[in-house]
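Asks:
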Ligand code: GLY
């Protein structure tokens, strides 16, 4: 069974961190409605959605992806690159504890889950304003016994590595080549986004379906033409908080017998 951990939109989201965007008003009701639809799509696609309580004092806490990296063997609790986000961790730790052994990124390393792209046994880590080589070394030590290759990739012009590239299958990536160099990505097939849609590379793969931001129809058409099952999802209000589709969930598999661990 596939689990999707999510969290309700904080009423404080208007005070979120912004790096590459100017602040514009966020309609909290629209943001909540879009987020609920996102969760509904994950549910339709067979995920068991486990929604954590809203965090009224943690503006970015809807973006659960950034505080953990869940591998089959271990869940790594990150040390987010901005201190305002570190209080998001305890509730996510409690949610993951029944499913995986936990490991932690320790000071002085910084790591946002949005910078960690796992494709098969490759773990690509974006070296960005939020994630550094100290954390990369820690990840390497944590996964040393599990057969992963870990490398660092320079990210430019966007917040996270996964703003620039995500996987649409085990061997194919969707990429904005203006933000990340395709030759850094291990020789996998790279489908470029439509150049008029720079934010389009962040997609969520659930089984054979690829969730694509509704704001990026041209890139969605490219994926459809390449044979992918595309499902547009509108998270435009959350995009104003510099969050994208992957940011809003932690997806991982559990054996059906572990169902009882979910609340
Ligand atoms: N607003 C998302 C982030 O900066 O972490």
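Numbering (my numbering), first residue to last: 277 to 539. Don't be surprised by glycine CBs; every beta carbon is placed ideally from N, CA and C.
Just to be sure I understand the criterion: a residue counts if its Cβ is closer than 7 Å to at least one heavy atom of the ligand GLY. Which residues meet that?
Replies: That query returns the following residues: 292, 293, 294, 295, 336, 339, 342, 358, 361, 388, 435, 517, 518, 519.
Asks: With DSSP collapsed to three states, give me the class of residue 292.
Replies: Here residue 292 corresponds to residue number 16 of the chain shown, with the count starting at 1. Looking at residue 292 - three-state DSSP - the assignment turns out to be coil, as it is neither helix nor strand.
Asks: Kindly indicate which residue of 481, 511, 504, 473 has the alpha-carbon position closest to the one of residue 493.
Replies: Sequence index remark: in the chain shown, residue 493 carries index 217 (1-based). For residue 493, the nearest C-alpha among the options comes from 473.
Asks: Could you compute how far the alpha carbon of residue 315 sits from the alpha carbon of residue 527?
Replies: For this step, residue 315 is matched to residue 39 along the chain shown. For this step, residue 527 is matched to residue 251 along the chain shown. Computed Cα separation, rounded: 12 Å.
Asks: Identify every residue that forms a DSSP beta bridge with residue 528.
Replies: On the chain shown, residue 528 is found 252 positions in, with the first residue counted as 1. For residue 528, which the question treats as bridged, DSSP gives the partners 279.
Asks: Need the endpoints of the alpha helix (DSSP H) that residue 497 sits in, please.
Replies: Translated into the one-based positions of the chain shown, residue 497 becomes position 221. Run containing residue 497: 493–501, per the alpha helix (DSSP H) assignment.
Asks: Can you grab the Cα-Cα spacing for the pair residue 583 / residue 441, in whole Å?
Replies: With the chain covering only 277 through 539, there is no way to say anything about residue 583.
Asks: From the DSSP output, read off the bridge partner residues of residue 429.
Replies: One-based indexing of the chain shown puts residue 429 at position 153. Bridge partners of residue 429: 402.
Asks: Can you tell me which of the three DSSP states residue 358 falls into?
Replies: Sequence index remark: in the chain shown, residue 358 carries index 82 (1-based). Residue 358: coil per DSSP, three-state reduction.
Asks: Given residue 467, which residues of its chain have a CB within under 8 Å of its CB, disregarding the five upstream and five downstream residues?
Replies: The residue given as residue 467 occupies position 191 in the chain shown. Counting only Cβ-Cβ distances below 8 Å, and skipping sequence neighbours, we find 444, 448, 449, 450, 451, 498, 499, 502.
Asks: Considering only their Cβ atoms, is the gap separating residue 523 from residue 433 smaller than 8 Å?
Replies: Taking the first residue of the chain shown as 1, we reach residue 433 at position 157. Taking the first residue of the chain shown as 1, we reach residue 523 at position 247. No, Cβ-Cβ distance for residue 433 and residue 523 is not below 8 Å.
Asks: Once you ignore the five residues that flank residue 362 on each side, which residues in its own chain have a CB closer than 6 Å to its CB?
Replies: Taking the first residue of the chain shown as 1, we reach residue 362 at position 86. Around residue 362: 356.
Asks: Among 323, 333, 378, whose alpha-carbon lies nearest the alpha-carbon of residue 346?
Replies: Taking the first residue of the chain shown as 1, we reach residue 346 at position 70. Residue 378 is the option with its Cα nearest to residue 346.
Asks: Would you identify the three-state DSSP class for residue 312, choosing helix, strand or coil?
Replies: As a first step, residue 312 is located in the chain shown; it is residue number 36 there, counting from the start. It is helical.
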